[in-house]
Amino acid sequence: MQEHALAERLITYDTSNVEGIQSAAGFVKGWLESRDVDVTVGSHNGVPVIAATVGAAPGAGPTVIFHGHIDVVPGRPEQFVPRVEGDRLFGRGAYDMKGGLAAMMVATRDLVEQKAVRVHFVCVSDEESDEVTQRGSDYLVEQGYTGDFAITGEPTDLHIGVQAKGVLAMRIEVTGRSAHGSTPWLGDNAVLKAIDVFRQIESLPFARESSEFFDRPSISLGRIMGGDAINKVPDLCAMDVDVRYLPGQDADQILEAVRDIPDVQVAKVFRRAPIMVERSNPYVQMLAEAVAEGAPTERISVGRDGTSDAISFIDAGTPAVEFGPEGAGHHGPEEWVSISSLSRYRNALVEFVHLIAARETTGHLRIA
Numbered sequence: 002m003q004e005h006a007l008a009e010r011l012i013t014y015d016t017s018n019v020e021g022i023q024s025a026a027g028f029v030k031g032w033l034e035s036r037d038v039d040v041t042v043g044s045h046n047g048v049p050v051i052a053a054t055v056g057a058a059p060g061a062g063p064t065v066i067f068h069g070h071i072d073v074v075p076g077r078p079e080q081f082v083p084r085v086e087g088d089r090l091f092g093r094g095a096y097d098m099k100g101g102l103a104a105m106m107v108a109t110r111d112l113v114e115q116k117a118v119r120v121h122f123v124c125v126s127d128e129e130s131d132e133v134t135q136r137g138s139d140y141l142v143e144q145g146y147t148g149d150f151a152i153t154g155e156p157t158d159l160h161i162g163v164q165a166k167g168v169l170a171m172r173i174e175v176t177g178r179s180a181h182g183s184t185p186w187l188g189d190n191a192v193l194k195a196i197d198v199f200r201q202i203e204s205l206p207f208a209r210e211s212s213e214f215f216d217r218p219s220i221s222l223g224r225i226m227g228g229d230a231i232n233k234v235p236d237l238c239a240m241d242v243d244v245r246y247l248p249g250q251d252a253d254q255i256l257e258a259v260r261d262i263p264d265v266q267v268a269k270v271f272r273r274a275p276i277m278v279e280r281s282n283p284y285v286q287m288l289a290e291a292v293a294e295g296a297p298t299e300r301i302s303v304g305r306d307g308t309s310d311a312i313s314f315i316d317a318g319t320p321a322v323e324f325g326p327e328g329a330g331h332h333g334p335e336e337w338v339s340i341s342s343l344s345r346y347r348n349a350l351v352e353f354v355h356l357i358a359a360r361e362t363t364g365h366l367r368i369a
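Okay, here's the thing in structure tokens:
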């Protein structure tokens, strides 16, 4: 259960800040190098990017990518002191995704001797960042860490996430008319109008659509900023709205519908396309087989409400899925990962690579 001990150690680093990230990255590098794995540590936007490669020589076999992140959202000090209750390991990042990262590290070590499949282990430090461009995963792709298939170790309870919603994040400015706070009826309160605009966005036709994996899109008001004096009716309000739209929906149409709302200007837009990988992809099928508990088709059944850096690989032409251990409570006060699932996760990753090797050897690996 080396992955359990590794996960506990990783939790002790407060990787919501740069100092903790650098210390944790140094530990990951040292752990892998002490087990005869060559590691490269670069820097992107001031934080580490870790990469290691084992297995086949370049061009000598298929290439798969184990992709994770070491950073976490902020937590209370006690959340960086791991604790165990039965099968549950509690701590900030246990589920998202230091448990999965630890298992990926051990799986990479386990695959050093095989020479049929090239395996890249890559780890970024900015997956939880508010920075929406120039991310570490995009940098890794630019450095050539692509291949035939990628696994991002986001928590999925040992199911395979073949779809994830797209992101349409908007900074929306709503205008009103100022007046003295003692006579608000003479003004047009932009903050109140902004709340009404948000309700209108929630009522747009796209918000009521559904798909095979998703009941509906998700629409969140993440931030609102308006008013500059308590005794003045605000004439301008800005709000950040996070729309997670469904595969098959058109982000441009959603954006246009928002812009058609009166007194609204969309000042800033960030978007990422939905994640979609065919269930019939042979690597998806082999990964489902490698989990080895339940029918394989039952494992290919996750639609993720949140997106991930898997899209960086998909945009570069590498099919990518989300696949991680069991647990609950990520970003919450009682985050935990199942200790027994860490072992199952590690074994699934190793078995996945062995299945690829076996089918490559027999000539049965065919990409549609």
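Residue numbers (the numbering used here): 2 to 369.
Every residue gets a Cβ at the ideal spot worked out from N, C-alpha and C, and that includes glycine.
Residue i vs residue j beta-carbon contact at 8 Å
i	j	result
Gly100	Val338	yes
Pro83	Glu9	yes
Leu247	Glu203	no
Thr176	Asp261	no
Val55	Thr109	yes
Asp37	Val113	yes
Gln201	Val107	no
Asp111	Val351	yes
Ala53	Leu33	yes
Val234	Ser281	no
Gly92	Glu290	no
Limits of the beta strand (DSSP E) - the one that residue i falls within
i	result
Glu323	321-324
Trp337	337-339
Thr109	Thr109 -> not in any beta strand (DSSP E); alpha helix (DSSP H) instead, spanning 100-111.
Val118	From DSSP, Val118 is part of no beta strand (DSSP E); its letter is neither H nor E.
Arg273	265-273
Phe28	Not the beta strand (DSSP E): Phe28 falls in the alpha helix (DSSP H), residues 19-34.
Ala151	150-153
Rounded separation between residue i and residue j - CA only
i	j	result
Val354	Val118	7 Å
Asp243	Gly223	7 Å
Asp310	Thr147	13 Å
Asp397	Ile173	Lying outside 2 to 369, the shown extent of the chain, residue 397 is not represented and no answer is given.
Gln80	Asp97	13 Å
Asn348	Met105	10 Å
Ala369	Gln115	Residue placement at Ala369 is flagged as unreliable, the pLDDT there being 41, under the threshold of 50; the coordinate-derived value follows with that caveat. Cα-Cα distance, rounded: 26 Å.
Asn18	Ile312	24 Å
Phe207	Lys194	22 Å
Ser35	Val163	35 Å
Arg217	Arg245	9 Å
Arg345	Val292	7 Å
Leu288	Val120	15 Å
Leu205	Ala258	8 Å
Arg360	Pro283	10 Å
His331	Gly76	11 Å
Pro326	Pro59	30 Å
Gly27	Pro263	52 Å
Trp186	Gly47	50 Å
Option nearest residue i by Cα separation, candidates the options
i	options	result
Gly21	Ser126, Gly154, Ile301	Ser126
Asp306	Pro283, Ser221, Pro235, Leu356	Ser221
Thr184	Met171, Val168, Glu143, Ile231	Ile231
Phe214	Pro275, Asp189, Val259	Pro275
Gln23	Ala170, Thr363, Cys124, Val85	Cys124
Asp88	Val198, Ser342, Val351	Ser342
Pro156	Ala180, Gly31, Thr308, Ala170	Thr308
Ile315	Ile71, Ala25, Gly167, Pro59	Gly167
Thr64	Val85, Gly228, Phe150	Phe150
Thr319	Gly27, Ile255, Ser138, Ala180	Ser138
Met226	Asp253, Ser212, Ala359, Ile196	Ile196
Val265	Asp229, Ser281, Glu327, Val192	Val192
Pro78	Ile357, Pro326, Pro334	Pro334
Phe122	Glu86, Ser219, His68	His68
Ala358	Asp241, Gly92, Gly31, Ala61	Ala61
Phe199	Gly47, Leu356, Ala239, Ala165	Ala239
Val270	Pro263, Glu290, Asp241	Asp241
Asp189	Arg136, Gly145, Gly228	Gly228
Val66	Gly145, Gly27, Gln254	The sequence shown places Ile at residue 66, not Val. Comparing Cα positions, the closest option is Gly145.
Asp253	Val85, Trp186, Met171, Val48	Met171
Pro49	Val85, Tyr140, Ile12	Tyr140
Gly304	Ala317, Ser219, Arg272	Ser219
Contact belief for residue i with residue j at Cβ below 8 Å, rounded distance in angstroms
i	j	result
Ile340	Leu90	5 Å
Thr153	Gly94	The Cβ separation is near 15 Å, so there is no contact.
Ala321	Val278	7 Å
Ala25	Tyr14	4 Å
Leu169	Leu256	7 Å
Val74	Ile51	So it is not a contact: roughly 20 Å between Cβ atoms.
Ile71	Phe324	About 18 Å; that fails the 8 Å criterion.
Leu182	Ser212	Looking at the sequence shown, residue 182 is not Leu but Gly. Actually they do not touch by this definition, with Cβ atoms about 47 Å apart.
The alpha helix (DSSP H) enclosing residue i, as first and last residue numbers
i	result
Ser313	311-316
Tyr140	137-143
Ala289	283-292
Phe199	191-203
Glu9	3-12
Any non-hydrogen atom of the ligand COA within 7 Å of residue i CB
i	result
Gly62	The ligand COA is not part of this structure, which contains no ligands at all.
Proximity test, Cβ basis, 8 Å: residue i and chain B
i	result
Ile255	Judged by its chain identifiers, the structure shown contains no chain B, having just a single protein chain.
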